[in-house]
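Asker: Be aware that the sequence shown starts at 48, since it is given in this note's numbering, and climbs by one per residue.
No residue lacks a Cβ here, since even glycine has one placed at the ideal position from N, Cα and C.
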Amino acid sequence: MRKLIVVSLAGLLAFLLMSVPGRTAAQGPGQATSDKPKIVLDPDKLAEEWMKRFNALDDWQLTPEGKEQGVDELVNSMMELYTPDVLAEVPPHDEEQMGSVMLRGKGLVRHWVDKIAKTQVRIAYIRTAQTQKEFNGVQPVFTTTFPWGGLGVSFQIIGAWSMREDRLHKRFMAPGAVFLQFDDNGKIERLRLYLTETTKVVPG
48 MRKLIVVSLA
58 GLLAFLLMSV
68 PGRTAAQGPG
78 QATSDKPKIV
88 LDPDKLAEEW
98 MKRFNALDDW
108 QLTPEGKEQG
118 VDELVNSMME
128 LYTPDVLAEV
138 PPHDEEQMGS
148 VMLRGKGLVR
158 HWVDKIAKTQ
168 VRIAYIRTAQ
178 TQKEFNGVQP
188 VFTTTFPWGG
198 LGVSFQIIGA
208 WSMREDRLHK
218 RFMAPGAVFL
228 QFDDNGKIER
238 LRLYLTETTK
248 VVPG
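1) Would DSSP call T166 helix, strand or coil?
2) With 16 as the cutoff for other CB atoms within 10 Å, does Q177 come out buried or exposed?
3) Out of F101, T190 and T175, state which residue places its alpha-carbon closest to the alpha-carbon of A224.
4) With burial defined as no fewer than 16 other Cβ atoms inside 10 Å of the residue's Cβ, what is the status of L215: buried or exposed?
5) Looking at I170 and L104, is the spacing between their C-beta atoms short of 7 Å?
6) Where T245 and V168 are concerned, what is the direct C-alpha to C-alpha distance, given to the nearest angstrom?
7) Drop a sphere of 10 angstroms on the beta-carbon of L150, count the other beta-carbons inside from all chains shown, and report buried for 16 or more, exposed for fewer.
8) For L238, count the other beta carbons within 10 Å of its own beta carbon; 16 or more makes it buried, fewer makes it exposed. Which is it?
9) Less than 6 Å between C-beta atoms, sequence neighbours within five positions excluded: which residues of the same chain meet that for E136?
10) Touch check for the stretch 117 to 133 and the stretch 198 to 211: three-plus C-beta pairs under 8 Å?
11) P90 lies in the alpha helix (DSSP H); which residues open and close that run?
12) Taking 8 Å as the limit between beta carbons, can you name the residues of its chain near F229, skipping five residues before and five after?
13) Under a Cβ-count criterion, where at least 16 other Cβ atoms within 10 Å of its own Cβ denotes burial, should V249 be classed as buried or exposed?
14) In three-state terms, what does DSSP make of S124?
15) Check R157 in the structure and name its three-state DSSP category.
16) Taking the runs of the beta strand (DSSP E) that are 3 residues or longer, which of them lie wholly in the stretch 182 to 236?
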């Protein structure tokens, strides 16, 4: 009789534990749920954040002693967007090279970002706008979801910049597109910056 009562009490206790809101059968007493709220990725905000940080790469100054002031902070801000194993396909800096450059890992991408920050000024990349019917100046962002998770974001751009050593006499412009692949945490796993033929603008 005593054994039957003990078994009944054990069954009642198990039933009460399973009835607690938020607790599953696999969770024991005192075990918290491991479910985390899923981050909602906003394609427009993701595109704008990448553009804002890229355009800010030239917002640093030289001190009277000739030291670079603020460049590391801007590069660090840009690199916060990427995963450690990011894969990037970017335009070459070498005029003799044809095609794009493939960068693997955050270290190489940082080197590319740092070079842009130190060699280019008046960086002004803008998202291409479209007008149709009653809609004026819409900047489309194209998205896709992946079966492994994450979000793909792409948009058309027009890039404009000058070289630091000749900022007053030459201006470069090129249309293109940006392709970004984000993981579930909103970090960039893949980047492709595509620029078509660059046009050199020289003041007359």
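Answerer: Looking at the coordinates:
1) In this structure, DSSP gives T166 a helical state, which the three-state scheme calls helix.
2) Its Cβ having fewer than 16 others within 10 Å, Q177 is exposed.
3) The option with the nearest alpha carbon to A224 is T175.
4) Flag for L215 reads exposed.
5) Closer than 7 Å, so yes.
6) Rounded to the nearest angstrom, the two C-alpha atoms are 16 Å apart.
7) Label assigned to L150: buried.
8) When all chains shown are included, L238 counts as buried.
9) Within the same chain, S147, M149 and R239 come within 6 Å of E136 by CB-CB distance, once the 5 residues on both sides are set aside.
10) The stretch 117 to 133 vs the stretch 198 to 211: no contact.
11) Residue range P90 to N102 is occupied by the alpha helix (DSSP H) that includes P90.
12) The residues are L88, L93, G197, L198, G199, V200, I235 and E236.
13) It is exposed - the Cβ of V249 has fewer than 16 other Cβ atoms within 10 Å.
14) DSSP places S124 in the helix class (H, G or I) of the three-state scheme.
15) Looking at R157 - three-state DSSP - the assignment turns out to be helix.
16) Runs of the beta strand (DSSP E) lying entirely within the stretch 182 to 236, each at least 3 residues long, are 182 to 185, 189 to 192, 198 to 210 and 218 to 229 in chain order.
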